[in-house]
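Residue numbers (this note's numbering), protein chains in the order written: chain A, 466 to 571; chain B, 18 to 570.
Okay, structure coming up:
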């Protein structure tokens, strides 16, 4: 299925993203192991230790569903072959920008 | 319209109550997502790109004003003021919080609606002809049979865990408006040599990754054998359908791999082997009870020609165009069916605001005998409107921004939600559809082009039915960029054909100009007398259109 996300090697900067279980809102894992709706708050991960953090996130099932790695640039911007998908996911649908986070509509 | 009896009412209420408990356990952390997922899917709840999505069943697309108003209320209170009408004649909401889902199921139950079996590997919403009971060419109203199949298939224990989802459509017209040849099972009501009405069984059609036009498995099945013969098909599928590979799990693959003759042999063997106690013999009184809900409304005796309607058409080109494109002939003199195209320029195909939904409810209640249908083209239809009332209907639709005069034309595009909403999609559909709509922004030009079905899907799953568009558009991902393959020559009617992919994908911004070149080619090649796009393409072949498609790409 196209819902499967690409595998990212240890050297590629990445964040952990998921959906809040209660609302379905898109969130990103922060350094203090909380979940933020703002990508700018996300902890940027590299190295094999990132897998441990994803494994931790996968167990945080009361708060979130289906966490996975999302590629970013070194300074935390959406990057890689899923840029369009993750940009839409981060900001909201392009046909209804008033509904998305880009409109501050959280 | 069918009304719930005490069993339906209890079943739907209890299911909503049960799901409330499951949601509460999920939110408390007592259920993990992996355990909760199959439970939510059985209640139509998906986790999509931005939020949870709820798919609400509209059996065979049939609504009334009360239901439509409740759907509008849900859009306002629990969503963002919108709903999306789908190619399965259902409705979807894109932003409902999980904690609110049980409340939404309760308010749906208040108007005899639910979300049961709108997902999962079960028999999904049965679809039908949106002009059933109104059109000129049907031999019988197919909706009672849709309802009978709905009741038989709801929570059927033997078919609640099929290899894959299963879609059934029923039509009874000479013209197939329900796309029965591209369903898992398509039922086309026909008369046999003795003049008795029964069902042609078409099995193994479908779109998606591996599209097929379904072959006829039996030319005619008697009404009394309908459910037993359906069960025979379902049992063969349940027994042999592949569960090891979801891409090869649909019945179309089984029919293809077994071969039609062997598949037929197995079904006939199963049908013959059913024990007497296994046969689902429908009591005539039960058929009569359900059929009574679909009895024709009390139509007035009216002249075939309405002076008010004739004056309406003469008053402006805009009104004449809308009447020509959006009204369908009705079997009763003095009546028509009104096609409300949810395809205004620049809007997401199939989307309606809550205000527009209330407007359709009001108009349907006041002028349409309270009969409102969802069409698989993602449009809404008022099946029974007096010609005398057309001017008032048009004025009310115009006030609500629902007067697009493009039904069946180039900008009446079928499109899935695509990458703007869908977690499976590879590319956006809505924006491409909007750019193609803009090609037809000049109504005179769109009228000149005439009948044209453009279908857009954001991925190979084909929710936008790109395989059966006269022009199909398929979004693909190429190393992180959106590209769009173009297909030609598909159709979903009684001459169902799978469209052919033309070649390499085009960039997003290249699609609409390419479609314009294809249309210009059609206009240069068509015969006088209004030869349709699809007929010109059939006559001259696809080569000149392909050449135009890639001419400046």
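Don't be surprised by glycine CBs; every beta carbon is placed ideally from N, CA and C.
Bear in mind that the values here come from a model prediction, so they are computed numbers and not experimental data.
Taking 7 Å as the CB-CB limit, is residue i close to chain B?
i                     : result
residue 564 (chain A) : yes
residue 555 (chain A) : no
residue 546 (chain A) : yes
residue 552 (chain A) : no
residue 499 (chain A) : no
residue 571 (chain A) : With a pLDDT of only 42 at residue 571 (chain A), under the threshold of 50, the placement of this residue in the model should not be trusted, and no figure is reported.
residue 568 (chain A) : In this predicted model, residue 568 (chain A) has a pLDDT of only 49, less than 50, meaning its place in the structure is not dependable enough to derive any value.
residue 559 (chain A) : yes
residue 489 (chain A) : yes
Of all Cβ atoms in chain A, is any one closer than 7 Å to the Cβ of residue i?
i                     : result
residue 282 (chain B) : no
residue 50 (chain B)  : yes
residue 64 (chain B)  : yes
residue 275 (chain B) : no
residue 10 (chain B)  : The question about residue 10 (chain B) has no answer here: the residues shown for chain B are numbered 18 through 570.
residue 496 (chain B) : yes
residue 132 (chain B) : no
residue 426 (chain B) : no
residue 122 (chain B) : no
residue 32 (chain B)  : no
residue 21 (chain B)  : no
residue 97 (chain B)  : yes
residue 367 (chain B) : no
residue 481 (chain B) : no
residue 93 (chain B)  : no
residue 37 (chain B)  : no
residue 557 (chain B) : no
residue 360 (chain B) : no
residue 312 (chain B) : no
residue 182 (chain B) : no
residue 28 (chain B)  : no
Using only alpha-carbon positions, find the residue among the options that is nearest to residue i.
i                     : options                    : result
residue 397 (chain B) : B:436, B:371, B:41, B:78   : B:78
residue 481 (chain A) : A:533, A:549, A:472        : A:533
residue 530 (chain A) : B:84, B:105, B:49          : B:49
residue 463 (chain B) : B:91, B:339, B:128, B:293  : B:339
residue 424 (chain B) : B:363, B:115, B:410, B:359 : B:359
residue 156 (chain B) : B:260, B:348, B:185, B:455 : B:348
residue 171 (chain B) : B:74, B:335, B:145         : B:74
residue 522 (chain A) : A:499, A:489, A:564        : A:499
residue 169 (chain B) : B:25, B:537, B:404         : B:25
residue 213 (chain B) : B:234, B:433, B:238        : B:238
residue 473 (chain B) : B:225, B:116, B:56, B:159  : B:225
residue 548 (chain A) : B:516, B:557, B:436, B:482 : B:436
residue 467 (chain B) : B:487, B:478, B:387        : B:487
residue 563 (chain B) : B:521, B:526, B:547        : B:521
residue 228 (chain B) : B:523, B:553, B:499, B:478 : B:478
residue 513 (chain B) : B:29, B:231, B:59          : B:231
residue 314 (chain B) : B:285, B:401, B:561        : B:401
residue 35 (chain B)  : B:383, B:85, B:57          : B:57
residue 19 (chain B)  : B:292, B:311, B:294        : B:311
Measure the Cβ-Cβ separation of residue i and residue j and say whether it is below 7 Å.
i                     : j                     : result
residue 519 (chain B) : residue 503 (chain B) : yes
residue 489 (chain B) : residue 559 (chain B) : no
residue 71 (chain B)  : residue 133 (chain B) : no
residue 152 (chain B) : residue 190 (chain B) : yes
residue 68 (chain B)  : residue 122 (chain B) : no
residue 598 (chain A) : residue 552 (chain A) : No information on residue 598 (chain A) is available, as it lies outside the stretch 466 to 571 that chain A covers here.
residue 287 (chain B) : residue 249 (chain B) : yes
residue 550 (chain B) : residue 539 (chain B) : yes
residue 449 (chain B) : residue 533 (chain B) : no
residue 319 (chain B) : residue 363 (chain B) : no
residue 369 (chain B) : residue 447 (chain B) : no
residue 470 (chain B) : residue 516 (chain B) : no
residue 428 (chain B) : residue 454 (chain B) : yes
residue 410 (chain B) : residue 380 (chain B) : yes
Run the proximity test for residue i: is its beta-carbon closer than 6 Å to any non-hydrogen atom belonging to the ligand ZN?
i                     : result
residue 534 (chain A) : Absence of the ligand ZN from the depicted structure is noted, as is the absence of any ligand whatsoever, leaving it without description.
Quick one: complete alpha helix (DSSP H) runs, 4+ long, within the stretch 360-430 of chain B?
List check, alpha helix (DSSP H) in window: 371-384, 407-416.
Closer than 9 Å between beta carbons: that is the criterion. Which residues of the stretch 499-512 of chain B meet it against chain A?
Answer set for the stretch 499-512 of chain B: 499.
Contact set between the stretch 516-540 of chain A and chain B, restricted to residues whose Cβ is under 8 Å from the partner
So the list reads 526, 527, 530, 531, given in the order they occur along the chain.
Note down, one range per segment and in chain order, each beta strand (DSSP E) of at least 3 residues found wholly within the stretch 293-370 of chain B.
Within the stretch 293-370 of chain B, the complete beta strand (DSSP E) segments at least 3 residues long are 344-346, 352-357, 368-370, listed from N- to C-terminus.
Return the chain-ordered ranges of every alpha helix (DSSP H) run that is complete within the stretch 44-125 of chain B and spans a minimum of 4 residues.
The qualifying runs are 50-58, 82-95.
Which ranges would you report for the alpha helix (DSSP H) in the stretch 247-287 of chain B if only whole runs of at least 4 residues count?
Taking only runs of at least 4 residues, the alpha helix (DSSP H) segments lying wholly in the stretch 247-287 of chain B are 268-275.
Residues, ordered as in the chain, of the stretch 448-463 of chain B that lie near chain A by beta-carbon distance below 9 Å
Answer set for the stretch 448-463 of chain B: 448, 451.
Can you give, in chain order, each stretch of the beta strand (DSSP E) that sits fully within the stretch 450-511 of chain B and has at least 3 residues?
The beta strand (DSSP E) runs of length 3 or more contained entirely in the stretch 450-511 of chain B are, from start to end of the chain, 471-474, 488-495, 498-505.
Where in the stretch 474-507 of chain A do unbroken runs of the beta strand (DSSP E), each at least 3 residues long, occur, reported from the N-terminal end onward?
With a minimum length of 3 residues, the continuous beta strand (DSSP E) runs that stay inside the stretch 474-507 of chain A are 479-485, 491-494.
Threshold first: 4 residues or longer. Then list the alpha helix (DSSP H) segments lying entirely within the stretch 161-201 of chain B, N to C.
Runs found: none.
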